[in-house]
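As structure tokens, the structure follows; a few thoughts come after it.
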Amino acid sequence: MKSSLAGKSRAWTVGMWIAASSLASPLGLCLASTPSFALSEIQREDLPSPVTPPTSDDTAVPGTTVPMPAPPGSKPSDNSQPADGTDKSEPEAPTGSGGITSPRTDPDAPPPPVVYDLDKLPEPVKRMHGLIVEACKTGDIEKLRPLIGSGDSTTQLSLGDIDGDPITFLKGLSGDSDGQEILAILEEVLSAGYVHVDTGTAQELYVWPYFFALPLDKLDPRQRVELFKLVTASDYDDMKQFGAYIFYRVGITPTGQWLFFVAGD
7 MKSSLAGKSR AWTVGMWIAA SSLASPLGLC LASTPSFALS EIQREDLPSP VTPPTSDDTA
67 VPGTTVPMPA PPGSKPSDNS QPADGTDKSE PEAPTGSGGI TSPRTDPDAP PPPVVYDLDK
127 LPEPVKRMHG LIVEACKTGD IEKLRPLIGS GDSTTQLSLG DIDGDPITFL KGLSGDSDGQ
187 EILAILEEVL SAGYVHVDTG TAQELYVWPY FFALPLDKLD PRQRVELFKL VTASDYDDMK
247 QFGAYIFYRV GITPTGQWLF FVAGD
């Protein structure tokens, strides 16, 4: 009797376990699949859109990137030309015109004669030369103001435009705050020999120092001594490489206008 009851009890237990397992399996699968579906949706929203493969038949080399456009102002590639058909990749050649303040040195032409005698100057030129030297000797840079002038006849003091007062600009060029160093340079320049250039033209000038119009590599020993009163030997070597004298120079027109006092190239 007990054996029969025990067998029925065991069979009922096994049956219940199988039934429970059958019910639990679909529920477990459902529960297990639900979080996975939600996670995949979150990840899909965070990911960028898929990249469409290139349609070209060429296969890209791994690790290469598409070249970016050149930044503004960069040199164009060899196979690109401007719209006007001109090649801008090569630097523009110098015009050779020089300009009124630029050195004039023609290695194939005989240099102009170097003159030291101020009495050979036209009277207006001689007078302006004397007034500038006299102003320099006072040590007061304000004495140059009436000689520099104003308006269209203002003496050119820079190769570029200057802002503000010309005397203030000259003080800024000087190593001291009062402008006395620049006065000393100006006086020394006017104490050198001079040349008469572009005779008979609208650009006719008397220019100090004469190195303005002479090839520096052809200066004789005496002339180099005179040059070293104005510049150092190192400056001289630099200017020889440049090909011209580019330290301070003064130009006065035949009518006595102080045209320029500039340095540079």
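Using my numbering, you'd call the opening residue of the sequence shown number 7 and step up by one each time. Backbone N, C-alpha and C define an ideal beta-carbon position, used for all residues, glycine too. Here the structure is a predicted model, which means the values were calculated and not measured.
Discussion item. Taking only three categories from DSSP, how would you classify V195?
Written reply: helix
Discussion item. DSSP has Q162 in a bridge; who is on the other side?
Written reply: F266
Worksheet item: Exposed or buried, what is F234 when buried is set at 16 or more other beta-carbons lying within 10 Å of its beta-carbon?
Response: exposed
Fill in: Among V195, W214 and E193, nearest to V203 - alpha-carbon criterion
W214
Worksheet item: From V268 to E129, what does the alpha carbon distance come to, in whole angstroms?
Response: 23 Å
Worksheet item: Hey, how far is the Cα of Y277 from the Cα of S183?
Response: Residue numbering for the chain in the displayed model covers 7 to 271; residue 277 lies beyond these limits and cannot be assessed.
Worksheet entry | F266 versus T207, F218, D123 and V121, residue with shortest Cα-Cα distance | F218
Worksheet item: If you draw a straight line from the alpha carbon of T144 to that of W264, how long is it in whole angstroms?
Response: 19 Å
Discussion item. Helix, strand or coil, according to DSSP, for Y242 in the structure here?
Written reply: helix
Worksheet entry | L220 (DSSP reduced to helix, strand or coil) | coil
Discussion item. In this structure, how does DSSP classify V139 when only helix, strand and coil are distinguished?
Written reply: helix
Worksheet entry | Exposure label - T107; buried when at least 16 CB within 10 Å | buried
Discussion item. Quick check on P68: buried or exposed, where buried means 16 or more other Cβ atoms within 10 Å of its Cβ?
Written reply: Confidence at P68 is low in this model, with a pLDDT of 44, below 50, so the placement of that residue should be treated as unreliable; the coordinate-derived value is given next. It counts as exposed.
Worksheet item: Relative to the alpha-carbon of T259, which residue among G249, P221 and A208 has its alpha-carbon at the smallest distance?
Response: A208
Discussion item. So for G249, helix, strand or coil by DSSP?
Written reply: coil
Item to complete: For D243, collect the residues of the same chain with a Cβ closer than 8 Å to its Cβ; drop the 5 residues on either side in sequence, then sort them by chain order.
Response: none
Item to complete: Pull up the distance between the alpha-carbon of E140 and that of L153, whole angstroms please.
Response: 11 Å
Worksheet item: Going by other Cβ atoms of all chains shown within 10 Å of its Cβ, with 16 needed for buried, is Y122 buried or exposed?
Response: exposed
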